[in-house]
Amino acid sequence: MRDFFRSFFASLLALIVFIILLIILAGGIVSSLTNKLEGTKTSVQPNSILELNLNYAIPEQTQIYSPTDIVFSGLDFRNPLGLNDVLFAINKAKDDNNIKGIYINLGLNMNGYATLQEVRDALTSFESSGKFIVAYGEMVNQASYFVGSVANQMYLNPSGFLEFKGYSATWSFYKGTLDKLNMNVQIFYDGKFKSATEPLRNSEMSEENKTQLREYLVGLYNHNLSQIVNSRGKTIDEYKLIADAFPGWSAYNVLEKGLVDGVKYKDEVIDVLREKIGVGAEVEVPIIKLDDYFSTLTKEQSYRGDNTIAIVYANGDIVDGEGSRGNIGSAAFTKIFEDIRKNKDIKAVVFRVNSPGGSATASDVIWREIEITKKKIPVIVSMGDYAASGGYMISANASKIYAHPNTLTGSIGVFMILPEISEFMDSKIGVTFDTVKTSPYADFPSITRPVSADESVLLQSAVDTVYYNFKKMVANGRGLTMEQVEEIAQGRIWLGITAKELGLVDELGGIDEAIAGAAGMVGLTSYKVKEYPEIKPTLFESLMKSMGSETEASVMEKNLGILYPHYKTLEQLIERPSIQTRLPYTLKIE
């Protein structure tokens, strides 16, 4: 017995020592990585130039990565700045005597034009202070040129390429694939322009879809060209002629057409910057990156009172339940609005919507939260790149709606997709199905058999009901008749400029204008801003996330490569056998 206890306590002691060492080791790793995350504190030297590199997907909120994100996901140590913080830094630089100008590093920009419009507007304001902006690029796409054209001087590498060719949108269709697989997809929808299901039921775009896409692209093209004209001269028609001739393959041809101000290597552009700030060749040009500059700033306001404006970021697909980072969970957002209503210091809400829609039920739940909240305080919507279908539903009843001229909105329509796999399973792997049931609808809806005529009527009726309720929400929220809503609904997408003319939007402007508008509605000249949802992952939450679906998604994206967008499209359409109010695509403009 004595030997047993000696062995037991020795093992217990060894276990305790092991746990203590493990905690110390883990703490050291986390501390080391955290220090790397925080980086060395940067100071702003006199005569500095702010470097703006927008060649990353700008999130709505600055992403806060924990050490486990880096360990499990291989992420860079830098936290990519969110749009609001990008704008904040540029606006601060405008009045910072140490910042003499901005250097824009052009490239292959992947952001939507509404996001880029906000950045461009901030740069225009910066330039109006008398400070300079110089832009340089090697491979410059149209989105990057849209931002870079605001510069006083823009340069292209001698071997560089500048894309300036007009806009196009290409769709992929999967009906032929489904036919070859003997896969049946049963589709129910309302709205002749509601083209979400076209990739599964057609082999090409319908005329209605071509019409709405063409009008959207033409409107977007004209608006963006008007912005370029304001900065660089010429006329819209002159720019269209240049685009029609596609000058981009030759840097010198681009220069000849007046799209840039010079052809230079990067070191020569640095010399231009050196001249701008008046330093000699022996002096290193003090260039500070935007995120480093942001780290030197404080977002605390001088106002020390209690009055607060809440900013609620709704970004991504609208889903039932809690959701996760990158989408809009109805349960999570219900909790957010409940917390806001309990906070007596919050006087108004700016609801930043950047969503193509999603679950009709989840959209309805969030719509109701807006309805309850605005009875207590104003709710002002600020639309980002997308606020369409379900994204418009959760915006429709706001106290006021702001959108960018190039926001994609509308798409007031509904659909449901029910896959049916019996023929596929039988013909490909010999699996068949049989059912015993107590009631006619006991196995309804089912993916293992086609729907009956009666069931088809039931499903279409359910879709019709959601569509009617959607239109009623829009009519009540926007002060329109049902007939007026039907004219502009039908699943049709609209550019922000047109949406304002149709009464779907109140004002054209970005998030700064929406915040100012919210303050004006409640008579505030001084206030604090509080952001929701708060992005402060704990170690455990980050560990769970890193080991979960987001890592799975990144692995899938890496393995599928260029096929990943097609996989995501099919997944979004087929995996949800519920009624959807969502945009039929994430529109990629080329």
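For the record, in the sequence shown the residue sitting at position 398 is 396 according to our numbering, with numbers rising by one throughout. Cβ atoms here follow ideal geometry from the backbone N, Cα and C, with glycine treated the same way.
Distance from the CA atom of arginine 199 to the CA atom of isoleucine 577, rounded to whole angstroms, is 17 Å.
The alpha carbon of leucine 406 has as its nearest neighbour, out of Gly388, Ser397, Ile185, the alpha carbon of Gly388. Glycine 411: not part of any alpha helix (DSSP H); DSSP gives it neither H nor E.
Inter-segment contact for the region 278 to 286 and the region 80 to 90 is absent: fewer than three beta-carbon pairs are separated by less than 8 Å. Around the beta carbon of isoleucine 370, fewer than 16 other beta carbons sit within 10 angstroms, so the residue counts as exposed.
For the pair glycine 276 and isoleucine 495, the CB atoms are not nearer than the 8 Å cut-off. Secondary structure of proline 156 (DSSP, three-state): strand. By the beta-carbon neighbour count (other beta carbons within 10 angstroms, threshold 16), tyrosine 439 is exposed. Judged by DSSP in its simplified three-state form, lysine 345 adopts strand.
A Cβ-Cβ separation of about 15 Å leaves alanine 394 out of contact with valine 347 under the 8 Å criterion. Nearest to asparagine 45 by alpha-carbon distance, out of Glu58, Met108, Asn96, Asn150, is Asn96. Between the region 228 to 235 and the region 200 to 210 there are fewer than three C-beta pairs closer than 8 Å, too few to call the two in contact. For a cut-off of 8 Å, the C-beta gap from serine 524 to glycine 303 is around 7 Å, short enough to register as a contact.
DSSP, reduced to helix, strand and coil, places lysine 373 outside both helices and strands of the structure shown, so it counts as coil.
Beyond the five residues adjoining it in sequence on each side, alanine 55 comes within less than 7 Å, by CB distance, of Met108, Asn109 in the same chain, given in chain order. If you draw a 10 Å sphere on the C-beta of valine 412, you find 16 or more other C-beta atoms in it, and that means buried. CA-CA distance, tyrosine 311 to isoleucine 344, rounds to 16 Å. The three-state reading of DSSP puts serine 361 in helix, counting H, G and I together. Taking C-beta separations shorter than 8 Å and ignoring five residues to either side along the sequence, the partners of lysine 98 in its chain run Asn45, Ser46, Ile47, Lys129, Phe130, Lys274, Ile275, following chain order.
The DSSP-derived three-state label of serine 328 is helix. Boundaries for isoleucine 399: no alpha helix (DSSP H) harbours it, while the beta strand (DSSP E) harbouring it runs 398 to 401, taken from the DSSP string. Per DSSP, the unbroken beta strand (DSSP E) holding glutamate 529 starts and ends at 526 to 530. At the C-beta level, isoleucine 399 and methionine 381 come within 8 Å of one another. DSSP places glycine 135 inside the beta strand (DSSP E), whose first and last residues are 130 to 138. Excluding residues up to 5 positions away in sequence, Asp441 lie with their Cβ nearer than 8 Å to the Cβ of lysine 435 in the same chain. Counting every other CB atom within 10 Å of its CB across the protein chains shown gives alanine 451 a total below 16, marking it as exposed. Residue burial annotation: glutamate 116 is buried, with at least 16 other C-beta atoms found within 10 angstroms of its C-beta. Secondary structure at lysine 287: strand, using DSSP grouped into helix, strand and coil.
The three-state secondary structure of alanine 473, taken from DSSP, is helix. In terms of CA proximity to alanine 167, Tyr219 leads the group Leu160, Ala133, Ala120, Tyr219. When C-alpha distances from isoleucine 338 are compared across Pro354, Asn305, Ile326, the shortest belongs to Asn305. Judged by beta-carbon spacing, serine 397 lies within the 8 Å limit of valine 377, meaning their Cβ atoms are closer than that value. As DSSP reads the structure, glycine 356 sits in a beta bridge with Ile316, Thr579.
A distance below 8 Å separates the beta carbons of tyrosine 153 and valine 261. With respect to methionine 391, phenylalanine 468 sits close: the two C-beta atoms are nearer than 8 Å. Comparing alpha carbon positions, the residue from Val527, Ala517, Asp510 closest to serine 123 is Asp510.
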